[in-house]
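These notes concern the structure reproduced below.
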Amino acid sequence: MTVLDQYTQAPIVNADVVAGEQLIQSNADGQAELQIGDEPLAVSVSAPGYGVAAGQLDRSSGSQSVTLRPTTVRGLVTETGTGRPIANVTVSMVTEAGVREVVTTGEDGSYQLANVPSGARLVVETSDHGTEERPIGHQQIDWSLSRAVVTGIVRDESGAAIAGAMVSTPDGTASTETDAEGAYRLNNLGTASEVLVRAPGYVDQQAAISETFQVDAAMEIERINAVYANFSTLVDPERFNVLVEIAETTEVNAIVIDVKQDTIYYDTQVPFFRDIPDLVIPVIDPVALNAELHAKGIYTIARVVVFKDPVVAEARPDLSVLDEVNGGLWRDMNGSAWVNAFYEELWAANADLAVELANLGFDEIQYDYIRFPSDGDLRTSDFGRDYTEEARRAAITGAVRMAYERLRPTGAKLSIDLFPIVVLFANDQGIGQTLQDLAPYADYVSLMIYPSHYELGNIPVDGHPNDFPRETVAYTLEQAEELVPGTKLKMRPWLQDFDYPVEGFMEYGPDEVRAQIEATEAAGASGWLLWNAAGRFQVEALAPRE
């Protein structure tokens with residue numbers, strides 16, 4: 027008889043072979059000679075650190091091999107690259123029944139477990155190296171663990187700590203945020219060799235992970251100042267080139283580009299939208315457009331109108347706001363139908379569009395009309411469920427969060443347009459938007475601070491806010507910071523560069539536009555966007571390019 031190790035097939039020396047009255051130990055080749063008579067013999071084979079094998083032998087059995095399964099497992103845990111032993115690693119033996127026995131490695135990185143049953147597996151866990159698992163198929167199992175955590179501190183150019191900066195692997199599979207001291211600890215690195223550091227108001231940084239697994243970052247301020255290009259501007263090269271010239275010669279360094287408003291202005295491949303008749307009307311080539319603007323150093327923002335989606339609403343009434351009186355589609359004061367923000371299918375379709383736009387080269391995706399309708403007779407509207415503030419807020423937050431999480435691996439930013447009234451009154455104003463809910467899931471927040479759209483008494487001034495552009499912007503941003511402290515650099519408001527046709531309202535010239543810009547900068551925001559629906563901006567209000 028030859029006694030072998032089940033895992034290695036190596037001979038086992040000094041195994042005890044008991045056959046009737048015989049007790050024989052295997053030799054250096056694992057062999058033991060037995061005397062077998064006319065009657066079958068009950069045989070058992072055992073060895074220290076192995077399970078027992080038992081059976082019967084008779085004269086006809088001939089030469090037999092017996093394998094013993096090791097019941098102990100031992101090994102060393104070391105760090106890849108350095109080879110140093112890792113102490114205090116948790117090593118768990120988990121049986122098929124889920125029973126777990128745990129030991130920790132010693133100072134030399136060694137461990138040992140006894141009484142290992144068949145089918146068990148080993149799990150090693152360490153805070154700095156992650157978790158690995160293997161089936162137990164050897165008596166000696168060594169582990170070389172790659173460090174799975176990187177630490178560091180994120181500061182601004184002055185050396186001050188930046189709290190709330192996001193540090194992630196470039197693909198977004200692992201992420202964390204810096205604490206109040208700017209420190210972070212990023213776990214579960216996997217095979218990543220770089221980390222991405224992002225913070226509102228700063229240029230993104232991507233840095234190689236050093237041998238010490240310590241990556242500090244000094245962040246550079248980034249101010250994004252934009253003008254707006256609507257459909258009529260996009261299809262008129264002369265008008266569009268005027269905006270490009272503004273961005274090349276003034277403090278403007280970005281353009282907000284309409285890509286979805288009632289219809290979609292490029293050849294989207296998102297199935298949900300392609301299935302809607304007459305929705306896709308390509309007038310721009312996003313890849314070529316982004317290449318042109320990026321070559322000129324111009325930051326690109328794709329504006330996506332989300333829930334004011336009349337073409338989709340007409341084609342998909344099952345996803346739309348209904349009118350409980352006439353049974354058809356509910357319509358706002360302008361006769362437009364809206365899709366129903368409660369439906370997650372709409373969240374996903376718009377998130378798909380956002381990811382597609384990011385992959386087509388846009389630096390940022392801006393969600394507009396990310397809300398429930400506000401204008402029209404909502405008394406007849408039917409949203410198909412409880413239309414409570416809690417439910418509305420959950421729906422809008424869900425849609426924004428989905429886009430934010432889907433966009434993170436692409437590297438593109440997400441910005442959201444909000445009514446400033448939700449900041450002034452700190453509730454959702456019937457549309458599902460609150461700064462408190464949404465700020466955590468957006469890189470930038472663009473409050474639409476158009477003084478002409480405020481009501482008398484909204485801000486503490488002696489007259490209508492339209493006539494107080496500087497004060498309106500300053501007060502609104504002050505209220506936003508008070509409502510959600512620490513969000514100054516997330517603020518990039520829309521500012522008014524147009525006249526509002528109401529008798530007695532002050533007209534807006536370069537001085538009024540400049541006053542809003544100065545108020546925005548004084549409030550510590552990270553930039554501003556100028557709104558003029560016709561795409562005609564007052565260049566005199568803008569500082570020249572330095």
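Residues in the sequence shown are numbered consecutively from 27, following the numbering used here. We treat Cβ as the ideally placed atom computed from N, Cα and C, and that holds for glycine. In this text, all values refer to a predicted model and were calculated from it rather than measured experimentally.
Would you list the residues sitting across from residue i in a DSSP beta bridge?
i      : result
Val150 : Val117, Glu158
Asp304 : The partner list for Asp304 (beta bridge, DSSP) is empty, contrary to what the question assumes.
Thr202 : Val193
Arg211 : Thr177
Val92  : Val29
Gly81  : Val69
Lys286 : Ile290, Val330
Asp408 : Leu348
Leu355 : Leu348
Val99  : Leu139
Leu444 : Leu473
Met245 : Asp182
Considering residue i, what are the terminal residues of the beta strand (DSSP E) in which it resides?
i      : result
Thr177 : 176–182
Leu473 : 470–475
Ser194 : 192–194
Arg224 : 220–224
Ser478 : Here Ser478 belongs to no beta strand (DSSP E), and DSSP marks it neither H nor E.
Asp394 : 390–394
Ser136 : 136–139
Thr326 : 325–331
Asp42  : 42–45
Asn251 : 250–255
So residue i and residue j are in contact, right, with Cβ under 8 Å, and what is the actual spacing, rounded?
i      : j      : result
Val332 : Asp394 : 7 Å
Ala377 : Arg432 : 5 Å
Ile324 : Ala280 : 6 Å
Leu171 : Glu105 : 6 Å
Gln82  : Leu67  : 7 Å
Glu49  : Gly77  : A small fix is needed here, since residue 49 is Leu in this sequence, not Glu. No, Leu49 and Gly77 are not in contact; Cβ-Cβ is about 19 Å, not under 8 Å.
Gln165 : Pro74  : Contact flag wrong, Cβ pair sits at about 12 Å.
Glu159 : Arg173 : Not really, about 18 Å apart at Cβ, beyond 8 Å.
Met27  : Val92  : 6 Å
Taking DSSP as the reference, what is the three-state secondary structure of residue i?
i      : result
Leu509 : helix
Thr15  : This structure does not reach residue 15, given that the chain is present from 27 up to 572, and the question cannot be answered.
Lys439 : strand
Arg126 : strand
Ser52  : coil
Tyr33  : coil
Lys516 : helix
Leu503 : helix
Leu171 : strand
Ser552 : coil
Val449 : helix
Tyr291 : coil
Asp74  : Note that residue 74 is Pro in the sequence shown here, rather than Asp. Looking at Pro74 - three-state DSSP - the assignment turns out to be coil, as it is neither helix nor strand.
Gln240 : strand
Ser258 : helix
Thr131 : coil
Ala233 : strand
Tyr526 : coil
Ala9   : What the structure shows of the chain is the stretch from 27 to 572, and residue 9 is not part of that stretch, so it cannot be assessed.
Ile38  : coil
Over what stretch of residues does the alpha helix (DSSP H) that includes residue i continue unbroken?
i      : result
Met428 : 415–433
Asn376 : 370–385
Asn366 : No alpha helix (DSSP H) contains Asn366, which DSSP labels as neither H nor E.
Asp262 : No alpha helix (DSSP H) holds Asp262; DSSP gives it neither H nor E.
Gln462 : 461–464
Ala314 : 312–321
Ala58  : Note, Ala58: premise wrong, no alpha helix (DSSP H); not H, not E.
Pro486 : Run containing Pro486: none; DSSP gives neither H nor E here.
Ala339 : 336–341
Does the beta carbon of residue i sit closer than 8 Å to a beta carbon anywhere in chain D?
i      : result
Gly361 : Protein chains in the displayed structure number just one, and chain D is not present.
Quick one: does the C-beta of residue i sit closer than 7 Å to a heavy atom of the ligand GDP?
i      : result
Ser194 : Here there are no bound small molecules, and the ligand GDP is not part of this structure.
(message) Within 8 Å, do at least three Cβ pairs link the region 180–193 to the region 139–158?
(response) no
(message) Within 8 Å, do at least three Cβ pairs link the region 309–317 to the region 255–272?
(response) yes
(message) I want to know whether the region 418–428 touches the region 364–384 - three or more CB-CB distances under 8 Å.
(response) yes
(request) Answer yes if the region 52–70 comes into contact with the region 118–137, meaning at least three C-beta pairs across the two stretches below 8 Å, and no otherwise. (result) no
(message) Could you check whether the region 495–515 touches the region 469–481, counting it as contact only if at least three pairs of C-beta atoms, one from each stretch, sit closer than 8 Å?
(response) yes
(request) Take every Cβ of the region 394–404, pair it with every Cβ of the region 344–359, and state whether three or more of those distances are shorter than 8 Å. (result) yes
(message) Can you confirm whether the region 434–447 touches the region 408–421 when touching is taken to mean that 3 or more C-beta pairs between the two stretches lie within less than 8 Å?
(response) no
(request) Kindly confirm or deny that the region 266–276 and the region 229–248 touch, where touching means at least three C-beta pairs closer than 8 Å. (result) no
(message) Whether or not the region 531–539 and the region 564–572 are in contact is what I'm after, with contact meaning three or more pairs of Cβ atoms, one per stretch, closer than 8 Å; do they touch?
(response) yes
(request) Would you check if there are 3 or more beta carbon pairs closer than 8 Å linking the region 223–234 to the region 192–208? (result) Short answer: they touch.
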